[in-house]
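Working notes, structure below.
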Amino acid sequence: MTESPTRPDDPSELPDPIEVPETSYGYADDDTDWPDDPYRNEAPADRKRRLRTNLIVATAVVVAAIFGISVLIFSQLSDAEVADTKAAAAGYRSAVTVFFADQMDAQKSVNEAEAAVAEAQEVLDGSAGKTFDNIAREQLADAIKIRSAEVKEAADAVSAAALPDVKPKHVAWDHGVEYVKAAKKIAAIELPTAAAAAAAKTDILAAPAAAVVAAQAAWRKEQDRLNTIAHTEWVRTAGFQSEIDACDGSVDISDNYWGKRTVAEHWSCGGRDFPTAAGAIVEFSGVVSGKFEVIGVVARLNVNTDGVADVPSGFDLLYQTCWAGDSSDMTFVGLRRVA
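Numbering (the numbering used here), first residue to last: 13 to 351.
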């Protein structure tokens, strides 16, 4: 049995403690073989540079490790995953292409519709005062108002249409889900179609515009007719029998016929040349002036049996002549003023 050492009762019998000289690094300043500290004499600035260098090196190592892992992941993707992603990306590009093509078609439709409205407006403006009535013109004006509002709405829609703010990421392992979502958003954008714009243009504007053109053509034809003078008549003076007998132009005899506007002339002095067919245009000058349209023969009176009361009324003008010089056949031609 081993005996434990006994503790001396007298402290003076204890050995002296080992004294270690203190230094800045805690090593004994003697000949003991302690390990060297390579940075014991390093300046503070050098220490900062050393630590910064170590940090950069460590970061580079981490990045390299991540890159290596990514390469490993991509190398493990299946052909199906890669194919799905490529197909989704192609679908997205196709959706973008289709969108811009549709936008161009829509803008073309808007341009055509705007041109149609402008053309119809020109027809309306050019027909002012050149139709017998305003029925066709009012219908065209209403159609232009409706169509203009539709075209403006379409133009605003095309101007406002833009690609959605989507930026799909090319992430292979999600099978191109972001590409698919972006393509669906683009496909959902609605633009006015060329067919709809063309149909509206035809249905709303074409018919009333054509009606105005036809009305204007009829009016112009009538103006051409009215401008074709069949006969000119000079009314020299106002009076009655003695002035008529002078045979120097026709005479305004209205005062003798109770104010019934009448011009008279002997057959031999020019009465034979006065037109009696309806529609003929006679241009008067002198005491009575203006353009008049012949309505036709409206009365044939006998100077011996008829009086002023028998002279017809209700006409803008009457032309009287004794047919073939016979006073028993006083012929009255009714006239309507046209200008």
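Glycine residues also receive a C-beta, built at the ideal position from the N, C-alpha and C atoms. All of these numbers come straight from a predicted model, not from anything done at the bench.
At the C-beta level, residue 242 and residue 294 come within 8 Å of one another. Looking only at 115, 219, 300, 176, the smallest Cα-Cα distance to residue 151 is reached by 219. Bridge pairing for residue 330: 274, 346 [DSSP].
Per DSSP, residue 225 is one residue of the alpha helix (DSSP H) stretching across 219-238. By the Cβ-count criterion, residue 118 is buried, with 16 or more other Cβ atoms from all chains shown falling within 10 Å of its own Cβ. Contact annotation: residue 268 and residue 252 have beta-carbon atoms nearer than 8 Å.
Pairwise C-beta distances place the stretch 290-306 out of contact with the stretch 332-341, as fewer than three of them are shorter than 8 Å. Scanning its chain for C-beta atoms nearer than 8 Å, with the 5 sequence neighbours on each side dropped, one finds around residue 160 the residues 129, in chain order. Residue 168 and residue 96 have their C-alpha atoms roughly 38 Å apart. Annotation: the continuous alpha helix (DSSP H) that includes residue 155 extends over 147-172. Judged by pairs of C-beta atoms under 8 Å, the stretch 260-267 does not touch the stretch 310-326, as fewer than three such pairs exist. Across the set 232, 227, 280, 297, the C-alpha of 297 shows the shortest separation from the C-alpha of residue 249. Residue 235 sits exposed, since fewer than 16 C-beta atoms from the chains shown fall within 10 Å of its C-beta. Each residue's CA atom was taken as its position, placing residue 193 and residue 115 some 20 Å apart. In the three-state scheme derived from DSSP, where H, G and I count as helix and E and B as strand, residue 254 is classed as helix. Under the three-pair Cβ rule at 8 Å, the stretch 188-202 does not count as touching the stretch 132-141. Distances from the alpha-carbon of residue 131 to those of 155, 265, 266 put 155 closest. Around the beta-carbon of residue 143, 16 or more other beta-carbon atoms lie within 10 Å, marking it buried. Around the beta carbon of residue 141, fewer than 16 other beta carbons sit within 10 angstroms, so the residue counts as exposed.
Per DSSP, the unbroken alpha helix (DSSP H) holding residue 193 starts and ends at 189-199.
Annotation for residue 347: 294, 304, 305, 306, 307, 327, 328, 329, 330, 331 place their beta carbon closer than 8 Å to its own, counting only its chain and skipping 5 residues before and after.
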